[in-house]
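Residue numbers (mature numbering (1 follows the signal peptide of the UniProt record, and there is no 0)): -21 to -1, 1 to 985.
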């Protein structure tokens, strides 16, 4: 019976092994096999105990006729079985935990007859660690049990016949860490079992690349929950970004990657490796994402480039990033012009035609003093005393003012243009343009020291040194002095050709203030600082004995003259008051006249959209075709384009747009300008075509003025117009301003920059942004502390164009616009020259307060300069109205002969400046009466010396001839200010009466 059972079991083993071996097994890559019985050639020859009747090695053939060695045992009829089978010594190869995979078949005990109580369906697995293979027999006590292994499925004889048996596969893990190797043992305790295959393996985390770091094969830990920390190494052509680490899990899987590597400059990641950038590409930094195509004007000819080389003629600055295109130095500045004003010069130029592709262009100015000899020209650098404003180097603007130059000296100025690559290797020197000028004659510098000698009761002597910079030959000195208590309200002037003067006729025990200035052919310099000296004491004589009759007569005469002057002043004051009241009444009547259209301030509307829809027409944005940007306005871009409204011809227009991100205040201010323009309809006022408010951006559409702003237009065409053409421009501006004043609108910012010129030279008033801060030019504006009704507190006003009362008190009226119009006249006649030149704003304010007024520009007709002076009267009531200005200009255009005489045609004569800065005759008002005054002296005494040339040109050379003056005659001569006409008529009559009453003065001894 036992023999039959064994044969049956053997047949079963063959069938099972044949079926199982037909399957090709592929082990996971993280398992390293130490033993696999199916791959062992020949017999296994494992140790068995007992050696007979226990485990038996059996060889069978698979379908490919490859022998397979198996062990089987089936002693189920005898009780108390203890059959051991031990493998050969297995080196652990660094493994800390091994896995044993056993494939076996097991007979169901119930299918075997007569084995009750002796048949088992399990077997035991043992292991024993050892450093070497020298165990020749099985020592059961040295083995440690791993587990009792049971079959999931067993088979019966029926199963074999049906050929549906399945192999059992069991895996057990064993911790082996103390010896170099180990043995495995299988104990049979009475089962019918066949070991088809035994595989021993351990797990590793296989070689891998993660985040450009290589992690080697790593044996898992000894415990099932242990993690082995492994540090990776960067792949070729890479560097650590952060130390790369991962953890090898017990199941052979990599966990928790930390850190990593980055490809070196010139290399990028591809497929887990760092590949060189191809030609034409570069990578500058490890942190860059990948290779990038070379920027413009650069190239890379080799692989692995970290930066692209610039093409010939192109350069890169040290601070330029590799991603920036290679650039070039700028070309030379263009159109360098110079305007010489005595010992200062204004240099202006246009930017280079080629900026080299950069935006960091800057300029520097080189100053040279050049002396030409018969054989050569020697140029030396200017001294450190020459001043450059705003600076000499690092200029961003294209304008610089050079001052403190020497008079009558030849200078050469070189303007260099540089950018970031101008100093780069091979870029060459900075491009430059030069201009040579010769400074004009200049007034001398102030006298710095005055000494007093020989001080007596009524006189003293003054001594002083020549000015530090005489700037020419000193022709004479002028001494101005007054009593300290008078504070320059009443002063006297003396002239001398030497550096000393004796001052007589002083009051005793009185402090006097003295100023001295020098004059050259270029004119007077500035007065010196004040110097104070006191006379000695002297008792006043009593009138009575000791007083001669001549003194008494002189005293009485003086009293009479004072009474007559007082009477004349009273009459003049009455006339001026009458004129002021008449002018005021006429303006009030104009405002109350219901037939005159009155301007409506859009800021009185709570909703700005209501004002814009009431005064401006909405335009469909599809009707507008924008062509190009022509400038930048306060609120956004200014473009030119075309407007095509259905039923009308296409016209060119200017388009102002409101930039994105605007505030509610900016939107209100922007729309208010259109609400203002929409109320005006005059050929000399810029015309509003309409607005776009129903979509963004908001737009204001106006007529297009081809020649731009008047100041820039005049500078561009310097000296190219006739006087009549200039007067025609002024006439258009005056006509527009008369229209605005009739509507009770005050412009507040009338200047040549705010006058636009079209292709027919028609000038039109523009820029009606009432509420904006006026800051077109930082130099042109001056912050005041006053708070006005129309400007925000602390706002800015254009000082050089603004009337004194508007600067001091923010009192803006039509009369202040007239003052500004006078400045515009000066700008037009001087072809866009800057008013008051390079004086700062504080100096301008001070000069105006002291009575200084702009002199006539070169070749300016006398009558035009006289009209300017009328516009610059200190008192508002004394200024002409725009209606009077317009009438005056019309007369000049109808009688062009009146425009021929200029300031340079006046007769030669010695002139002297008064305390208010206007030229007057040399003679000071006499301290005693004279037989007869000249017209010049008399005009000086009444403060109207400005009309001396006008009257002299018309033949009025004596006081007698002035009696024939009428209001109509003075209108014809250009004396249009009503108060001045009244003063002239009243004063000449009073003066003639005074001379008739005091003919006896000629007999009074002096």
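Glycine included, every Cβ here is placed at the ideal spot set by N, Cα and C.
Determine the extent of the beta strand (DSSP E) in which residue i is found, giving its start and end residues.
{"i": "residue 108", "result": "101 to 109"}
{"i": "residue 492", "result": "490 to 499"}
{"i": "residue 241", "result": "233 to 242"}
{"i": "residue 46", "result": "46 to 53"}
{"i": "residue 986", "result": "In this structure the chain extends from -21 to 985, so residue 986 is not present and cannot be described."}
{"i": "residue 223", "result": "217 to 227"}
{"i": "residue 825", "result": "Note, residue 825: premise wrong, no beta strand (DSSP E); alpha helix (DSSP H) at 820 to 828."}
Does the distance from the CB of residue i to the CB of residue j come in under 8 Å?
{"i": "residue 57", "j": "residue 97", "result": "yes"}
{"i": "residue 181", "j": "residue 66", "result": "no"}
{"i": "residue 336", "j": "residue 296", "result": "no"}
{"i": "residue 246", "j": "residue 283", "result": "yes"}
{"i": "residue 443", "j": "residue 474", "result": "no"}
{"i": "residue 849", "j": "residue 855", "result": "no"}
{"i": "residue 639", "j": "residue 662", "result": "no"}
{"i": "residue 318", "j": "residue 381", "result": "no"}
{"i": "residue 843", "j": "residue 808", "result": "yes"}
{"i": "residue 160", "j": "residue 63", "result": "no"}
{"i": "residue 14", "j": "residue 153", "result": "no"}
{"i": "residue 952", "j": "residue 936", "result": "no"}
{"i": "residue 72", "j": "residue 135", "result": "no"}
{"i": "residue 878", "j": "residue 834", "result": "no"}
{"i": "residue 743", "j": "residue 669", "result": "no"}
{"i": "residue 938", "j": "residue 963", "result": "no"}
{"i": "residue 634", "j": "residue 605", "result": "yes"}
{"i": "residue 155", "j": "residue 76", "result": "yes"}
Exposed or buried, what is residue i when buried is set at 16 or more other beta-carbons lying within 10 Å of its beta-carbon?
{"i": "residue 797", "result": "buried"}
{"i": "residue 50", "result": "buried"}
{"i": "residue 434", "result": "exposed"}
{"i": "residue 24", "result": "exposed"}
{"i": "residue 967", "result": "buried"}
{"i": "residue 183", "result": "buried"}
{"i": "residue 610", "result": "exposed"}
{"i": "residue 150", "result": "exposed"}
{"i": "residue 422", "result": "buried"}
{"i": "residue 395", "result": "buried"}
{"i": "residue 801", "result": "buried"}
{"i": "residue 916", "result": "buried"}
{"i": "residue 169", "result": "buried"}
{"i": "residue 43", "result": "exposed"}
{"i": "residue 726", "result": "buried"}
{"i": "residue 490", "result": "exposed"}
{"i": "residue 211", "result": "buried"}
{"i": "residue 683", "result": "buried"}
{"i": "residue 643", "result": "exposed"}
{"i": "residue 415", "result": "exposed"}
{"i": "residue 428", "result": "exposed"}
{"i": "residue 615", "result": "buried"}
{"i": "residue 47", "result": "buried"}
{"i": "residue 500", "result": "exposed"}
Any heavy atom of the ligand MG inside 7 Å of the beta-carbon of residue i?
{"i": "residue 56", "result": "The ligand MG is absent from the structure shown, which contains no ligands of any kind."}
Could you give the residue range of the alpha helix (DSSP H) that holds residue i?
{"i": "residue 861", "result": "861 to 873"}
{"i": "residue 793", "result": "793 to 808"}
{"i": "residue 948", "result": "946 to 952"}
{"i": "residue 850", "result": "841 to 850"}
{"i": "residue 927", "result": "927 to 932"}
{"i": "residue 290", "result": "It is not in any alpha helix (DSSP H) - residue 290 carries neither H nor E in the DSSP assignment."}
{"i": "residue 711", "result": "702 to 721"}
{"i": "residue 656", "result": "643 to 656"}
Using 8 Å as the limit for Cβ to Cβ distance, is residue i near chain B?
{"i": "residue 586", "result": "Absence of chain B from the displayed structure is noted, only one protein chain being present."}
How many whole angstroms separate the CB atoms of residue i and residue j, which I take to be in contact at a CB cut-off of 8 Å?
{"i": "residue 864", "j": "residue 823", "result": "Residue 864 to residue 823, Cβ: 23 Å. No contact."}
{"i": "residue 346", "j": "residue 356", "result": "Between residue 356 and residue 346 the Cβ distance is about 15 Å, and since that is not below 8 Å, they are no contact."}
{"i": "residue 21", "j": "residue 27", "result": "Incorrect: roughly 17 Å between the Cβ atoms, too far for contact."}
{"i": "residue 341", "j": "residue 315", "result": "With 8 Å as the limit, residue 341 and residue 315 do not qualify as a contact, their Cβ atoms being about 16 Å apart."}
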